[in-house]
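S.K.: Below are the C-alpha coordinates for one structure; questions will follow.
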Amino acid sequence: MVAQLLLEAANLMFIGMVAVFAFLLLLVFVVQLISKIMQRYFPVKIADKAVRIDAGSNGPSPAVIAAISSAIHQYRKQQ
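The sequence shown begins at 1 in the UniProt record's numbering and counts up by one.
Laid out in C-alpha coordinates, this is it:
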(Lines of atoms letter the chains of each structure in order from A and count residues from 1; the text may use other names and numbers.)
(Lines give C-alpha, C1' and ligand atoms only; values in the text may rest on other atoms or scores of the structure.)
Protein backbone atom coordinates (compact mmCIF):
# COMPACT_ATOMS: atom_id res chain seq x y z
CA MET A 1 0.00 0.00 0.00
CA VAL A 2 2.79 2.46 0.92
CA ALA A 3 4.72 1.57 -2.21
CA GLN A 4 1.64 2.19 -4.34
CA LEU A 5 1.12 5.61 -2.73
CA LEU A 6 4.78 6.52 -3.25
CA LEU A 7 4.55 5.44 -6.89
CA GLU A 8 1.43 7.55 -7.39
CA ALA A 9 3.10 10.54 -5.69
CA ALA A 10 6.18 10.18 -7.91
CA ASN A 11 3.93 9.97 -10.96
CA LEU A 12 2.05 13.12 -9.99
CA MET A 13 5.33 14.91 -9.25
CA PHE A 14 6.71 13.93 -12.66
CA ILE A 15 3.56 15.10 -14.45
CA GLY A 16 3.64 18.40 -12.56
CA MET A 17 7.32 19.03 -13.31
CA VAL A 18 6.81 18.25 -17.00
CA ALA A 19 3.83 20.61 -17.12
CA VAL A 20 5.79 23.45 -15.48
CA PHE A 21 8.79 22.88 -17.75
CA ALA A 22 6.55 22.86 -20.84
CA PHE A 23 4.82 26.06 -19.73
CA LEU A 24 8.14 27.83 -19.10
CA LEU A 25 9.53 26.65 -22.44
CA LEU A 26 6.40 27.92 -24.20
CA LEU A 27 6.70 31.22 -22.35
CA VAL A 28 10.32 31.68 -23.49
CA PHE A 29 9.38 31.03 -27.12
CA VAL A 30 6.42 33.41 -26.98
CA VAL A 31 8.53 36.20 -25.45
CA GLN A 32 11.22 35.72 -28.11
CA LEU A 33 8.58 35.80 -30.85
CA ILE A 34 7.05 38.99 -29.49
CA SER A 35 10.53 40.53 -29.24
CA LYS A 36 11.28 39.74 -32.90
CA ILE A 37 7.92 41.10 -34.01
CA MET A 38 8.41 44.32 -32.06
CA GLN A 39 11.93 44.81 -33.45
CA ARG A 40 10.71 44.23 -36.98
CA TYR A 41 7.68 46.54 -36.96
CA PHE A 42 8.81 49.08 -34.35
CA PRO A 43 12.60 49.47 -34.66
CA VAL A 44 14.50 51.63 -32.18
CA LYS A 45 16.08 54.64 -33.81
CA ILE A 46 19.75 55.22 -32.98
CA ALA A 47 19.25 58.99 -32.81
CA ASP A 48 16.73 58.59 -29.97
CA LYS A 49 19.28 56.74 -27.85
CA ALA A 50 21.94 59.43 -28.42
CA VAL A 51 19.58 62.21 -27.37
CA ARG A 52 18.65 60.43 -24.14
CA ILE A 53 22.27 59.82 -23.21
CA ASP A 54 23.29 63.45 -23.84
CA ALA A 55 20.32 64.81 -21.89
CA GLY A 56 21.16 62.78 -18.79
CA SER A 57 24.90 63.48 -18.72
CA ASN A 58 24.68 67.17 -17.77
CA GLY A 59 24.25 66.45 -14.08
CA PRO A 60 22.42 68.58 -11.54
CA SER A 61 22.31 72.33 -11.93
CA PRO A 62 24.42 74.57 -9.67
CA ALA A 63 21.26 75.74 -7.90
CA VAL A 64 20.38 72.18 -6.92
CA ILE A 65 23.92 71.54 -5.68
CA ALA A 66 23.78 74.75 -3.62
CA ALA A 67 20.43 73.78 -2.08
CA ILE A 68 21.68 70.31 -1.16
CA SER A 69 24.89 71.73 0.32
CA SER A 70 22.89 74.21 2.37
CA ALA A 71 20.57 71.49 3.66
CA ILE A 72 23.53 69.29 4.66
CA HIS A 73 25.21 72.22 6.41
CA GLN A 74 22.04 73.02 8.40
CA TYR A 75 21.54 69.36 9.32
CA ARG A 76 25.08 68.99 10.62
CA LYS A 77 24.80 72.28 12.51
CA GLN A 78 21.73 71.01 14.42
CA GLN A 79 23.50 67.87 15.64
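All residues carry an ideal CB built from backbone N, CA and C; glycine is no exception.
What would DSSP say about Arg61, mapped onto helix, strand or coil?
M.R.: In the sequence as displayed, the identity of residue 61 is Ser instead of Arg. Of the three classes helix, strand and coil, the one that applies to Ser61 here is coil, per DSSP.
S.K.: In angstroms with no decimal places, state the Cα-to-Cα distance between Val30 and Leu24.
M.R.: 10 Å
S.K.: Taking the alpha helix (DSSP H) that Phe23 belongs to, which residues open and close that run?
M.R.: Unbroken alpha helix (DSSP H) run through Phe23: 2-41.
S.K.: Would DSSP call Lys77 helix, strand or coil?
M.R.: helix
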